[in-house]
Each structure stands twice: as C-alpha cells, then as structure tokens.
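For reference, the structure discussed in these notes is given below.
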Amino acid sequence: MMAPGIATWLVSGYALLLAAIAWGFDLMAKRASHRAAAWRTGGFVYHPDHDAWRCPEDEWLWPSSFDPNNRVMRYRAKPTVCNGCPVKM
61 MMAPGIATWL VSGYALLLAA IAWGFDLMAK RASHRAAAWR TGGFVYHPDH
111 DAWRCPEDEW LWPSSFDPNN RVMRYRAKPT VCNGCPVKM
C-alpha cells in the first residue's frame, strides 16, 4: 500500500481549515443572536407564572391588549411610573 500523496494531505488540510472557519462562524452567530435577544427585551424579564414583564427599574408591566391580526400581546405599566423613569431620560 502506498503512502498518501501530497494532494491528499493538501485536500485534508483544506477540509479541516473549512471546518474550523465554519465553527468560528457558528460561534460568532450564536454570540450575535444572544446579544440581539438581549437588546430586543432591553433588560426586561418575562415572568410566565404572572404573564407579566418586569422592567430594569423593578416595575411590572401587565397585559393591556391583544392584536389578533398580528398575534401580539401588548404590555403596559402605569403612566405615573413610566413617565418619570430615569432610564428613559
């Protein structure tokens, strides 16, 4: 049996390089996805047991309306709380 030629080694090395690059892209995509998810919620935390969100200032937002066309639930807090929020200013 003959030893693998130089072409075999080059193709194998190229395949490993492509696999490493794909792995790197996967890691970057996961990181970007986590950052985007954190940005979308903006520090708000959903509590499914209460069906409510808690803002970074520890105030609660409760369901206020449902849009059946877009299938979106809207959550609101008391205006007296949100209008004077230091995070918004």
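The C-terminal position of the sequence shown is numbered 149 in my numbering, with every residue numbered one higher than the one before it. The beta carbon of each residue, even a glycine, is placed where N, CA and C say it ideally should be.
**Report entry** Reference Pro123, options Glu117, Gly84, Cys115, Asp111, closest by Cα
**Finding:** The shortest Cα separation from Pro123 among Glu117, Gly84, Cys115, Asp111 belongs to Asp111.
Requested in this report: Could you tell me how far apart the beta carbons of Pro116 and Val147 are, in whole angstroms, since I believe they sit closer than 8 angstroms?
Outcome: Sure, about 6 angstroms apart at Cβ, within 8 angstroms.
Query raised in the report: Tell me, which residues are paired with Val132 by DSSP?
Result: The partner list for Val132 (beta bridge, DSSP) reads Asp127.
**Report entry** Under the three-state DSSP convention, the category Val147 falls into
**Finding:** Val147 falls in the coil class under three-state DSSP.
**Report entry** Distance, Asp118 Cα to Asn143 Cα
**Finding:** Taking C-alpha positions only, Asn143 is separated from Asp118 by approximately 15 angstroms.
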